[in-house]
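Before any comments, here is the structure.
Residue numbers (this note's numbering): 804 to 1302.
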């Protein structure tokens, strides 16, 4: 896949008042598939909801048939606990709760901007008491007021479009945060299981070395081994024992980090997680890797990443704000009116003389402002340039993430296979070394080297298996896998009071 850059336009090019609408999905696909340039106008992006709807509609097309299943990718690992932890985190993580609150704020701001386009009505009343020359006068004045800004320049409509695009960007950012959180939980759980597996290897090796020390002591008592062999066996035993505290610390810290990702107290998961050290079986995830190695990384996958959708929506918001800045230089018209009654008593309010009505029209046209509005337009053009460059950077980063993750997953898979063969050979070598040592055919150093080699290879094999699973998780993240916006909204949200 080749990514190409569009010749960057001058900031003045964005001062044209009319924009050419195009679909962002097409523009992103062209960019990621190696087109020579982008349209001069950056198109308005689709929202996260429309992207999900389009993806659902496209299932069954030839292109969609070649794509892997990315929704709830954690179910492709043969580990029910992994899926349960991910979905619990999506319901209880505090940072994700903050992102949901930001969506609520953006939705309210969009409604606020839309309300400015509608007529405004108000009710009021006043009661005035005046005393003059010894007499007191009471004036009652109920009032009905109305106002409406005609928005002839389109400023309010542009502001509303910008707020809607901000909402789309915030929704996409929430979805991107959810996808990132799912990956972080899965990575943390795999790392924890890997540390538990390494700790179990150290314990097994420690038990084997204790047996070797006992054997060496017996041989020394029988005059078949030297005191040097006994001390070497004891030193190797204690060296292995010294590794356990480090793994215990790493396991405890991993449990704490996983609990915090779920929005729980650091020690809340210790009993649930256990210490079996079994890594999640890759299962269907390896089949997904094989399909991706054969097909590469198509643009259809990357364009669905929520961080790209958010970057596109940001461009749309800045374009709308540029329209609003330009519209502010044009005349605006407003209508307002009041309908009220003024009387000295409540009974007099029904009389014809109590009615007071006003109607007013106004025009606001900035003729000379010392260049203030022009400078605001130019500043907004610069902001728009930054958004467009951020979009380009996001597409390049997305492509790199996908290609890097694909290469890393393939490499760690090959490494895990090779280390598996090495562990098998080292296990057989240790068994032979122990038999020969018992028969007095080799010295103790050879047996000791065989034990150390096996432990080192087993530890490396666990590390390679952990890397394989974590690289598969990173691949799913890079391809935009996770939950749809509708599925995320359907998840129950744990109340803050229960945390």
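Note that the Cβ used here is the ideal one computed from N, Cα and C, for glycine as well. These figures come from a predicted structure and were not determined experimentally.
As assigned by DSSP and simplified to three states, the class of residue 1287: coil
Three or more beta-carbon pairs under 8 Å between the segment 994–1007 and the segment 891–899, yes or no? no
Closest Cα partner of residue 1173 within the set 1208, 1191, 1132 and 1140: 1132
Ends of the beta strand (DSSP E) at residue 948? 938–952
Since residue 873 and residue 1288 are thought to touch, with beta carbons under 8 Å apart, how far apart are those beta carbons, to the nearest angstrom? Actually they are not in contact, since the Cβ atoms of residue 873 and residue 1288 sit about 14 Å apart, beyond 8 Å.
Reducing DSSP to helix, strand and coil, say where residue 1106 ends up. DSSP places residue 1106 in coil when its eight states are reduced to three.
Exposure of residue 1283, with buried meaning 16 or more beta-carbon neighbours within 10 Å: buried
Do you know how far the Cα of residue 1202 is from the Cα of residue 995? 29 Å
For residue 1109, is the classification buried or exposed, using 16 other Cβ atoms within 10 angstroms of its Cβ as the cut-off for buried? buried
Confirm, please, whether the CB-CB distance from residue 1128 to residue 1183 is below 8 Å. yes
Reduced DSSP category for residue 923 - H, G, I as helix; E, B as strand; rest coil: DSSP places residue 923 in the strand class (E or B) of the three-state scheme.
With burial defined as no fewer than 16 other Cβ atoms inside 10 Å of the residue's Cβ, what is the status of residue 1295: buried or exposed? exposed
How about residue 1169 and residue 955: are their beta carbons less than 8 Å apart? no
Straight-line gap, residue 842 to residue 973 (C-alpha atoms, nearest Å): Its pLDDT being 32, under 50, residue 842 is placed unreliably in this model, and the value from its coordinates should be taken loosely. C-alpha separation (whole angstroms): 25 Å.
Buried or exposed by the 16-neighbour rule on C-beta atoms within 10 Å, applied to residue 1243: exposed
Contact between the segment 1208–1215 and the segment 1264–1281 is defined here as three or more beta-carbon pairs at a separation below 8 Å; is this criterion met? yes
Take residue 991 and list the residues in its own chain whose beta-carbon comes closer than 8 Å to its own, dropping the five residues that flank it on each side. 1057, 1060, 1061 and 1064
To which residues of the same chain is residue 1258 closer than 6 Å at the C-beta, ignoring the five residues directly before and after it? Sequence-distant Cβ neighbours of residue 1258 in its own chain, meaning closer than 6 Å and more than five residues away, are 1008.
Return helix, strand or coil for residue 850, following the three-state DSSP convention. Confidence at residue 850 is low in this model, with a pLDDT of 44, below 50, so its placement is unreliable and the value that follows should be read with caution. Of the three classes helix, strand and coil, the one that applies to residue 850 here is coil, per DSSP.
Leaving out the 5 sequence neighbours to the left and right, which residues in its chain are closer than 6 Å to residue 1281 when beta-carbon positions are compared? 1204, 1205 and 1208
Okay, do the segment 1079–1099 and the segment 1012–1020 touch, 3+ Cβ pairs below 8 Å being the bar? Touching, no, given that fewer than three Cβ pairs across the two stretches are closer than 8 Å.
Does the structure place the segment 1215–1225 close enough to the segment 1181–1199 that three or more beta carbon pairs sit under 8 Å? In this structure the segment 1181–1199 does not lie against the segment 1215–1225, because fewer than three pairs of beta carbons, one per stretch, are closer than 8 Å.
Hey, how far is the Cα of residue 1044 from the Cα of residue 1194? 52 Å
Determine which residues share a DSSP beta bridge with residue 1084 and list them. 881
Who are residue 750's beta bridge partners in DSSP? In the structure displayed, the chain extends from 804 to 1302; residue 750 sits before or after that span and is not available.
When 951, 930 and 1269 are compared against residue 942, the one with the closest alpha-carbon: 930
Tell me the DSSP secondary structure of residue 1029 in three-state form. coil
Near residue 1237, which residues of its chain fall below 7 Å by C-beta distance, leaving aside the five closest residues on each side in sequence? If we look at residue 1237 and ignore the five residues flanking it on each side, its Cβ neighbours are 1250.
Could you tell me whether the Cβ atoms of residue 970 and residue 909 are closer together than 8 Å? Their beta carbons are under 8 Å apart, which means residue 970 touches residue 909 by this criterion.
Three-state class that DSSP yields for residue 1013 in the structure shown: helix
One question on the structure: do residue 1035 and residue 1247 come within less than 8 Å of each other, judged by their Cβ atoms? yes
Other residues of its chain near residue 1286: CB distance less than 8 Å, five sequence neighbours each side excluded: Taken in chain order, the residues that qualify are 874, 875, 893, 978, 981, 982, 985 and 1294.
Got a sec, what are the start and stop residues for the alpha helix (DSSP H) residue 1296 sits in? For residue 1296, there is no enclosing alpha helix (DSSP H), as DSSP marks it with neither H nor E.
Just the Cα atoms here: how many angstroms apart are residue 923 and residue 993? 57 Å
Is it buried or exposed for residue 1270, if we count other Cβ within 10 angstroms and need 16 for buried? buried
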